[in-house]
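Structure record follows, encoded as structure tokens.
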Amino acid sequence: MILGKEILPGKGAQLSLDVAKLHTTTPILIPVIVERAKIDGPTVLIMAGLHGDEINGIEVVRRIIQKKFNKPNTGTIICLPVFNIFGFLNIRRELPDGRDLNRSFPGSENGSLASQFAYHFMKEIMPHVDYVIDFHTGSAQRSNFPHIRCVFEDQESVELAKIFNPPFILNSSYISKTIRESVKKLGKKILLFEGGKANNIDEMVVEEGVNGVKRFLQYLGMKSFKIDISKDRTPVFLKESKWLRSPNSGMFHSVVKNGAKVNKGEVIGMITDPYGRMNRKVRATSTGYIICLNEAPLVYKGDAIFHIGKELKIDENGTK
Ligand SMILES: [Zn+2]
56 MILGKEILPG KGAQLSLDVA KLHTTTPILI PVIVERAKID GPTVLIMAGL
106 HGDEINGIEV VRRIIQKKFN KPNTGTIICL PVFNIFGFLN IRRELPDGRD
156 LNRSFPGSEN GSLASQFAYH FMKEIMPHVD YVIDFHTGSA QRSNFPHIRC
206 VFEDQESVEL AKIFNPPFIL NSSYISKTIR ESVKKLGKKI LLFEGGKANN
256 IDEMVVEEGV NGVKRFLQYL GMKSFKIDIS KDRTPVFLKE SKWLRSPNSG
306 MFHSVVKNGA KVNKGEVIGM ITDPYGRMNR KVRATSTGYI ICLNEAPLVY
356 KGDAIFHIGK ELKIDENGTK
């Protein structure tokens with residue numbers, strides 16, 4: 056039984072997570088699409104839109120459903136394409152109460168609106184799930200180069216991230232009250248995908264997301280795809296990351312591409328004024344890879360403009 060309905064083997068259904076009402080008493084129903092194979096197996100939840108304006112992830116889940124990749128040969132696949140449906144309708148990251156749903160877990164029944172969303176999710180969906188893949192983008196104009204975030208000490212998560220095969224895998228500790236922390240506390244596995252920027256659909260990022268899901272499902276034996284292993288890459292492991300902030304207010308020009316390798320001291324951007332007088336060079340503060348590039352043309356001093364990840368070399372840590 057999930058969301059009050061029994062899904063028989065070989066069947067699927069679109070269900071609703073009923074979490075809130077509009078001022079007009081109209082219920083807000085969050086569509087949840089469940090497909091169960093005839094043969095038992097693991098249950099994978101593929102979700103996006105925890106932040107309502109992160110459309111790129113929503114497109115990944117939509118494409119998986121549209122291509123019927125969510126109909127497994129074994130086990131069950133649950134798709135939750137848009138979790139923060141309020142934010143999606145308003146093209147906003149947060150819920151109407153201004154709260155970040157991803158800082159409201161595990162939630163409470165009578166807490167804030169965000170807290171209620173988290174509570175119903177944890178109570179009605181998570182008990183059925185073994186693995187979660189949660190799709191995110193950078194906020195505002197900050198565009199993430201596709202990567203999976205996980206804790207490197209957690210070997211199984213690292214192995215799953217490698218199966219997903221993104222360009223980068225970033226060591227990222229648990230943040231309090233996030234879905235990732237709550238799912239981990241249940242002893243279940245979650246992969247957090249970051250790619251693209253808010254309010255945008257980036258085809259390269261969507262493909263990375265869809266291909267990662269295909270690999271993941273194939274690895275679990277839930278579905279078989281013709282995956283071209285000649286396109287396999289070795290993901291770059293990043294042990295830590297740091298934001299580089301703009302040294303001035305002005306117009307921002309990056310001279311490197313997102314995902315590029317940069318060397319400490321190298322000029323990677325320029326800050327200019329509209330009058331042709333100021334040309335301030337921005338140099339890389341460390342050697343590493345650009346994993347997020349701010350695509351805003353105008354920045355204030357102190358705005359995050361480049362996110363640089365430092366590579367973990369194999370000999371530094373045998374766990375890779
Ligand atoms: Zn997000």
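In my numbering, the protein residues as written are 56 to 375.
Beta carbons are placed, not taken as given, at the ideal position from N, Cα and C, and that holds for glycine.
Three-state secondary structure (DSSP) of residue i
| i | result |
| --- | --- |
| Tyr274 | helix |
| Pro182 | helix |
| Lys269 | helix |
| Gly130 | strand |
| Gln121 | helix |
| Phe207 | coil |
| Lys316 | strand |
| Val322 | strand |
| Gln196 | coil |
| Pro333 | Reading the sequence as shown, one finds Met at residue 333 and not Pro. Met333 falls in the coil class under three-state DSSP. |
| Lys375 | At Lys375, the pLDDT of 47 sits below 50, so the modelled position is not reliable and the matter cannot be decided from this model. |
| Arg148 | coil |
| Ile234 | helix |
| Ile113 | helix |
| Arg300 | strand |
| Tyr229 | coil |
| His106 | coil |
| Leu376 | The question about residue 376 has no answer, for the chain in this structure spans 56 to 375. |
| Glu262 | helix |
| Lys286 | helix |
| Gly142 | helix |
| Asn220 | coil |
| Phe172 | helix |
| Met306 | strand |
| Lys60 | strand |
| Lys294 | strand |
| Arg154 | coil |
Beta-carbon proximity check, residue i vs residue j, cutoff 9 Å
| i | j | result |
| --- | --- | --- |
| Val137 | Pro82 | no |
| Ile323 | Phe361 | yes |
| Leu70 | Val99 | no |
| Phe207 | Asn226 | yes |
| Ser296 | Ala253 | no |
| Asn139 | Phe172 | yes |
| Met325 | Val310 | yes |
| Asp209 | Leu105 | no |
| Arg147 | Asp108 | yes |
| Leu135 | Leu72 | yes |
| Asn111 | Thr192 | yes |
| Ala356 | Ser304 | For clarity, residue 356 is Lys in the given sequence; the question names Ala instead. Their beta carbons are under 9 Å apart, which means Lys356 touches Ser304 by this criterion. |
| Val317 | Lys243 | no |
| Met277 | Ile180 | no |
| Asp152 | Ser163 | no |
| Val238 | Ile119 | no |
| His202 | Gly59 | no |
| Lys319 | Ser341 | yes |
Distance between beta carbons of residue j and residue i, contact taken as under 8 Å
| i | j | result |
| --- | --- | --- |
| Ala92 | Thr129 | 5 Å |
| Leu215 | Leu246 | 6 Å |
| Arg300 | Glu249 | Incorrect: roughly 19 Å between the Cβ atoms, too far for contact. |
| Leu293 | Glu366 | 6 Å |
| Lys232 | Phe176 | 13 Å between Cβ atoms; not a contact. |
| Gly96 | Pro127 | 7 Å |
CB contact below 9 Å: residue i versus chain C
| i | result |
| --- | --- |
| Asn303 | Absent from the structure is chain C; it holds one protein chain and no more. |
Per the contact definition of three or more C-beta pairs closer than 8 Å, is the region 108-115 in contact with the region 249-262? yes
Touching or not, the region 280-298 and the region 208-226, by the rule of three or more beta carbon pairs under 8 Å? yes
Count the CB pairs spanning the region 342-356 and the region 299-309 that are closer than 8 Å, and state whether there are at least three. yes
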